[in-house]
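Numbering-wise (our numbering), the sequence shown opens with residue 19 and increments by one.
Even glycine gets a Cβ: it sits at the ideal position worked out from N, Cα and C.
Just below is one structure, and these are the notes that go with it.
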Amino acid sequence: MLERKQLKDRTQVTFVLPADTPAGPVSVVGDFNNWEPGTHTLEAREDGTRAVTVALPGKSVHSFRYLAAGDYWFNEDHADGHDGPNSRLHT
């Protein structure tokens with residue numbers, strides 16, 4: 019799930035997944051972090067989910083995927099679209 023908060027010139031996007039699906043550490047990897055695993059790792063929240071928030075420029079489009087333990091790549095079901103193997107996000 020994606021949560022968005024509009025700010026003056028950027029958008030805070032929170033990437034949210036269930037606490038245990040998939041098991042193990044998960045990071046969001048995309049063009050906004052040079053596709054570098056581990057840069058934005060999802061952390062546990064009190065509501066039983068895990069999440070990470072990234073500030074992105076407003077009115078932009080980004081490609082991303084999730085990377086879980088065991089080199090398991092997967093997409094966001096609630097993305098704004100898909101571009102080949104990647105999820106797309108519009109801010």
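Item: How big is the Cα-Cα spacing for T29 and N104?; Value: 20 Å
Item: CB L60 to CB F33, shorter than 8 Å?; Value: yes
Item: Is R68 closer than 8 Å to A37 when the C-beta atoms are compared?; Value: yes
Item: Taking only three categories from DSSP, how would you classify D27?; Value: coil
Item: Which of helix, strand or coil does DSSP assign to N104?; Value: strand
Item: Less than 8 Å between the beta carbons of S81 and D95, yes or no?; Value: no
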